[in-house]
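Shown next, in structure tokens, is the structure this report addresses.
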Amino acid sequence: MTLRLGTQQDWPLNVMRLVDHAEREHGDREVVSAWADGSTSRTSWGEIARKARQMARALEKLGLGKGDRVATLAMNHERHLISWYGAIGMGGVLHTINPRLFPEQLAYIGNHAEDRVLLYDAMMKPLVDAMKPAWKTIEHYIVYDPPAGWEGDPSFEEWIGAEDDEFRWVEADERDPIGLCYTSGTTGNPKGVIYEHRGMVLHALAEVQPDCFDLGKRDCALPIVPMFHANAWGLPWAAPLVGCKLVLSADYSAKRMVDLFRDEKVTHSAGVPTIWVDMIAHIEKTGDTLDNLKTVTIGGSAAPRAMIKWFRSHGIEVGHAWGMTELSPIGSLAGKPAGWEDMSDEEQIEWTARQGRVPFGIEMRIVDDAGNVLPRDGKASGDLQVRGAWVIERYFKEDAPAIDADGWFSTGDVAALHPDGTMQITDRSKDVIKSGGEWISSIELENAAVGVDGVAEAACIGIFHPKWDERPLLVCVREEGHHVTGEEVLAGIRDQVAKWWLPDAVEFVDELPHTATGKLSKKTLREQFADYRFEGVEAMTGRD
Ligand code: AMP
């Protein structure tokens, strides 16, 4: 027998080791759930692991096996967390469905994923009932929180409560699939991203580092990021790694959050700017305080300077994160660089307003239209590309790779890279609008608009909004001789798109800008409307 040269053990990077570790080393550390009905419940990492074993057994009894997709349609709470580990521990792939998608998209992704089981919150019942005929592969429905007198699908606690907790996690390779998330931040149908054990463990290891989320056992984290959107930024994987306390809330109202920050002694929180806009307004109005909070991570959209300043003036540090569903999601984070203490207040704010630096595991570059790599000089800006240990290689069920021959994934963001390694988003080349952390397809709005009598051409762009970050503005060219109005255009598209997609305003122009090849030039249009403000929305102070 030839001996291996190396003398170390094989210890596969498997996410189930995260919860095993938390059970063994931090078994009593609390996991708190704030439920939609206003109640709060407490459990521990030990219990989460134990119930995940019960759930894995229950899934096995339903006849599920390796690679089978287990879907959830739920807000953040302990039973959702148990399901993450229970589904994967059984060998399954956890598919977290975003309930904000509209019915055609929900039908598409459920069938595309070939989900076999769906676990859902009772408040989603009307949606689930409406979707049942459209979902062709789901055999079992389980409800997380049936209220008293519930008649319908079986209750989660009763379902898993019938099983013992002796289950041994199904053996898995590091590269086995564990999770599935669809992103609608692209054109066309939502695209699936499949996460793997190895990538997710490495992501969690990167995330807890001081230069990233800076999480330790002593901390208490409250992600105000849904578990159905990009792994709740990875926090349900990172928390058991360090054994910190985790607070999950199904309710994102500012008052509930502030109460939780105080009562649960939350030290770390994370959310999109829209969440913080509400919270800041609430605090300014009520005089409530954020006593224990040490750090907030803002991401999903650019963190406005005014918001960064507000948190700093309340003694709270800001981490500004950039990421994508395709990156599990963390790509970069602005924490504190060397020499932070010597920087002026303005310099620190300027630093934080950029989208930060990559952790080990991610590489970043910018390229021009011809694919030439641009310098990291803080002046050039180009298409942002990334590659790394938790970056997508190809979308689910697509043959073609999503990366180039050297592994670079084009993000659809336009950015500058500074000599100190900080990345700064300057624009977006993908044709989508991000409102309150969720995507709106400009192309679908345009297609709907040109179907309205009297509209010759239409273009939709995102306009800055102080609460939602961006809202759609529809710019139309009238057909000759037609006098179609903005109200008529909106009325004409209202039934074709989700309610929250409806543009905040319609403007008419004589002509839309086009590129040399005849394509609509959104870049020029965005420049033309750079100072545009929706009526009734006060001038924004936060962006500059
Ligand atoms: P998603 O996959 O839905 O998480 O969206 C990812 C996209 O959100 C990125 O490609 C960016 O366009 C945008 N995004 C995320 N974080 C930031 C940020 N800090 N600043 C600006 N845009 C961001």
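Following my numbering, the numbering of the sequence shown begins with -4 at its first residue and continues without gaps. Every residue gets a Cβ at the ideal spot worked out from N, C-alpha and C, and that includes glycine. As the structure is a prediction and not an experimental result, all values here were calculated from the model.
Whole angstroms is fine: what's the gap from Ile387's alpha carbon to Met319's? 10 angstroms
Could you tell me which of Lys429, Arg48, Leu101 sits nearest to Glu152, measuring between CA atoms? Arg48
Could you tell me whether any non-hydrogen atom of the ligand AMP is closer than 7 angstroms to the CB of Trp385? With a cutoff of 7 angstroms, Trp385 does not count as near the ligand AMP, since its C-beta is closer than that to no heavy atom of the ligand.
7 angstroms CB neighbourhood of Asp378 in its chain, flanking five on each side removed: Ile361, Val362, Ser405, Val409, Ser424
Between Ala201 and Pro324, what straight-line distance do the alpha-carbon atoms span, to the nearest angstrom? 12 angstroms
Assign Pro7 to one of three DSSP states: helix, strand, or coil. coil
Per DSSP, His90 forms a beta bridge with which residues? Its beta-bridge partners are Ala66, Leu175.
So what does DSSP say about Arg538, is it helix, strand or coil? Only weak support exists for where Arg538 lies, its pLDDT of 46 falling under 50; the value from the coordinates is given anyway. Arg538: coil per DSSP, three-state reduction.
Between Ile458 and the ligand AMP, is the CB less than 7 angstroms from at least one heavy atom? no
Any idea what DSSP makes of Arg45, helix, strand or coil? helix
Extent of the continuous beta strand (DSSP E) run through Arg111: For Arg111, the enclosing beta strand (DSSP E) starts and ends at 110 to 115.
Going by CA-CA distance only, name the one from Gly431, Asp258, Arg24, Arg37 that's closest to Gly266. Gly431
Could you tell me the alpha carbon to alpha carbon distance between Asp15 and Ile488, rounded to whole angstroms? 51 angstroms
CB-CB length for Glu502 against Leu468, believed under 8 angstroms: 7 angstroms
Would you check whether the ligand AMP has a heavy atom nearer than 7 angstroms to the C-beta of Gln49? Proximity of the beta carbon of Gln49 to the ligand AMP is not indicated: no heavy atom of the ligand is located closer than 7 angstroms.
Just verifying my parser: in three-state terms, what is the DSSP assignment at Asp378? strand
Just the Cα atoms here: how many angstroms apart are Glu452 and Pro508? 11 angstroms
Would the beta-carbon of Ile428 be found less than 7 angstroms away from any heavy atom of the ligand AMP? For the ligand AMP, not one heavy atom lies less than 7 angstroms from the Cβ of Ile428.
Pro185 and Gln100 closer than 8 angstroms at C-beta: Contact check for Pro185 against Gln100 passes: the beta carbons are separated by less than 8 angstroms.
I'd like to confirm something about His315: is its beta-carbon nearer than 7 angstroms to some heavy atom of the ligand AMP, or not? yes
By a C-beta neighbour count over all protein chains shown, 10 Å radius and 16 as the cutoff for buried, is Val368 buried or exposed? Label assigned to Val368: exposed.
Please report the straight-line C-alpha distance between Gly537 and Leu285, rounded to a whole angstrom. With a pLDDT of 45 at Gly537, under the threshold of 50, the predicted position of this residue should be treated as unreliable, and no value is reported.
Is Gly318 near the ligand AMP, with its Cβ less than 7 angstroms from a heavy atom? The beta carbon of Gly318 sits closer than 7 angstroms to at least one heavy atom of the ligand AMP.
Within 10 angstroms of the Cβ of Arg(-1), are there 16 or more other Cβ atoms? Answer buried if so, exposed if not. exposed
At a cut-off of 7 angstroms, would you count Gln523 as near the ligand AMP, judging by its Cβ distance to the nearest heavy atom? No, the beta carbon of Gln523 sits no closer than 7 angstroms to any heavy atom of the ligand AMP.
Who are the near neighbours of Gly156 in its chain, counting only those whose CB is closer than 8 angstroms to its CB and skipping five residues on each side? Gln49
Beta-carbon spacing of Val112, Val65 below 8 angstroms: yes
Nearest-angstrom beta carbon gap, Glu158 and Ala53 [assumed within contact, 8 angstroms]: 5 angstroms
For Met119, name the three-state secondary structure that DSSP assigns. helix
Integer-rounded CB distance, given that Gly457 should sit under 8 angstroms from Ile438: Ile438 to Gly457, Cβ: 13 angstroms. No contact.
Within the present structure, is the beta-carbon of Thr178 separated from the nearest heavy atom of the ligand AMP by less than 7 angstroms? yes
From the DSSP output, read off the bridge partner residues of Met359. Val381
For Met535, count neighbouring C-beta atoms within 10 Å of its own C-beta (all shown protein chains included) and say buried if the count is 16 or more, exposed if not. Here Met535 scores only 45 on pLDDT, less than 50, and its place in the model should not be relied on; the value that follows carries that caveat. Looking at its Cβ environment, which holds fewer than 16 other Cβ atoms inside 10 Å, Met535 is exposed.
DSSP-derived helix/strand/coil call for Arg390: Before going further, note that residue 390 is Tyr rather than Arg in the sequence given. Note: Tyr390 maps to coil in three-state DSSP.
What's the C-alpha gap between Ile43 and Leu197? 22 angstroms
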